[in-house]
Each structure stands twice: as structure tokens, then as C-alpha cells.
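I have placed the structure first, in the form of C-alpha cells, so that the comments after it can refer back to it.
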Amino acid sequence: MSFNSQPDRDHISVAEAELMDCLLSSSTVNYPWNPADPETAEYYTRSDNDFSLDDWSDAEIGQKSQSFFASIQSCWGTVSEEARVNPLAALTSKFGARVPQQWLAQIAANVSNLAPAGNLEPVEQLVQSVRGLLSNWEVDDLLVMARPYAYAMRCNPGVDDPDNIVRPLEWAELSELERAKLTILVAQYAIDSSNCD
């Protein structure tokens with residue numbers, strides 16, 4: 001079975017070791033955690049003086065910044081033209097084997113109706129797009145369940161892979177909680193796709 005809800009322990013161990021090394025290194029400079037502290041301005045002034053782009057040409061700065069922003073953009077991946085033009089087809093292509101077609105159609109319709117309501121927080125958008133399908137859940141419960149999806153780092157590998165969220169079973173065999181999680185995942189994918197221009 002390929003269901004894996006635990007992160008790779010080797011990667012966590014390496015990250016923890018690097019973090020501990022950074023925290024425990026013999027640094028004589030203390031980071032100013034309080035921005036209201038008068039010494040904070042001094043700290044940033046000294047830090048800015050230590051950093052200079054004077055040795056770099058404008059062309060080199062442009063090239064390095066383009067490379068930097070391209071690597072950041074690659075974390076979010078790209079949304080196909082199909083997803084922008086026909087969101088239901090994109091949802092069916094990605095989740096059709098796991099989620100009933102009528103649920104996918106309802107999610108696509110709900111997400112397309114959210115477009116004018118741009119003043120909602122991401123988690124509220126997500127709950128609004130699944131509320132009709134998950135009417136037996138309290139709104140507060142949906143908000144708690146949706147928060148990790150709405151604010152997840154998009155460069156996290158597998159964040160939109162259903163097998164990382166629920167057991168790889170048919171829809172009818174999933175628990176009510178697993179169905180809710182999968183529904184929220186589909187809605188987040190639809191929202192992300194609709195926000196890419």
C-alpha cells in the first residue's frame with residue numbers, strides 16, 4: 001500500500017541537524033527579535049553595510065534575479081490551459097478516478113462562483129466551495145480541516161496527491177472524514193487553478 005501520512009524521517013533529521021547547528025553556532029551577534037527595540041535599527045544598518053551589490057554588473061543582477069524568481073515560480077508548478085478554460089475537465093482528469101463526477105461538477109461550479117468574492121480569506125474560500133457538499137459538517141470543523149490546505153506551501157511535494165491525504169480506496173469505501181479531506185483537496189486544486197492567469 002502506498003499511503004504515506006508521515007514525512008520522510010531522513011529529510012527531517014537533516015533539517016533538524018542543520019537548524020540546531022545554526023542555532024547553537026558560536027555567533028556573537030544576537031538577532032533583534034523586537035522591532036521596537038532601538039538597537040534593531042543599528043543591527044539592520046550594520047547588516048546592510050556588510051552586503052553590497054557593487055561588485056555585480058546590472059546584467060549579472062538581472063540574470064541572477066531572473067534565475068531566482070524562476071526557481072520560486074517552479075515551486076508552484078504550472079496550470080494547464082485546459083484547467084483555465086474548462087475547470088471541470090481538469091478536475092475530472094486529475095481526480096475523476098477518486099471522486100464522483102457530480103461532486104467534481106459541484107466543486108467546479110462553486111469555485112467559479114467565488115471569483116467575484118475576492119475579499120474572502122483563502123480558508124474561507126475553500127470552505128465556501130465545499131460547504132454544500134459537506135453540509136453535515138459544522139463550519140468551524142471545516143475551517144479547521146481546510147486550514148492546512150489553504151495555507152500549505154505549494155512547493156511541498158505531493159501536496160495535491162490524493163494518496164498522500166487519504167487511503168487509496170474507492171469513494172464508497174472511504175470514511176466520512178476521508179471524503180471530506182479529499183473534497184477539500186479537490187476544491188483547493190480548483191481554486192489554485194482558477195487563480196492562475
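By full-length UniProt numbering, the letter at position 149 of the sequence shown is numbered 149, and the numbering carries on one by one without gaps. All C-beta atoms, glycine included, are put in the ideal place defined by N, C-alpha and C. This one's a predicted model, so the numbers in the text were calculated from it and none came from an experiment.
Practice task
Could you spell out where the alpha helix (DSSP H) holding W33 opens and where it closes?
Solution key: Per DSSP, W33 belongs to no alpha helix (DSSP H) and is neither H nor E.
Exercise for the section: Check whether the Cβ atoms of G126 and I184 sit closer than 8 Å, and answer yes or no. Expected result: Here residue 126 turns out to be Leu, not Gly, going by the sequence shown. Cβ atoms of L126 and I184: closer than 8 Å.
Exercise for the section: Would you tell me roughly how many angstroms separate the C-alpha atoms of N34 and A105, rounded to the nearest one? Expected result: 49 Å
Problem - Cβ-based burial, K94 [other Cβ within 10 Å; buried from 16] - result: buried
Exercise for the section: Can you tell me which of the three DSSP states E170 falls into? Expected result: coil
Practice task
Within 10 angstroms of the Cβ of V186, are there 16 or more other Cβ atoms? Answer buried if so, exposed if not.
Solution key: buried
Exercise for the section: Pull up the CB-CB distance for R98 and L182, whole angstroms please, since I reckon it's below 8 Å. Expected result: 7 Å
Exercise for the section: Just the C-alpha distance for D55 and G62, rounded to the nearest angstrom, thanks. Expected result: 14 Å
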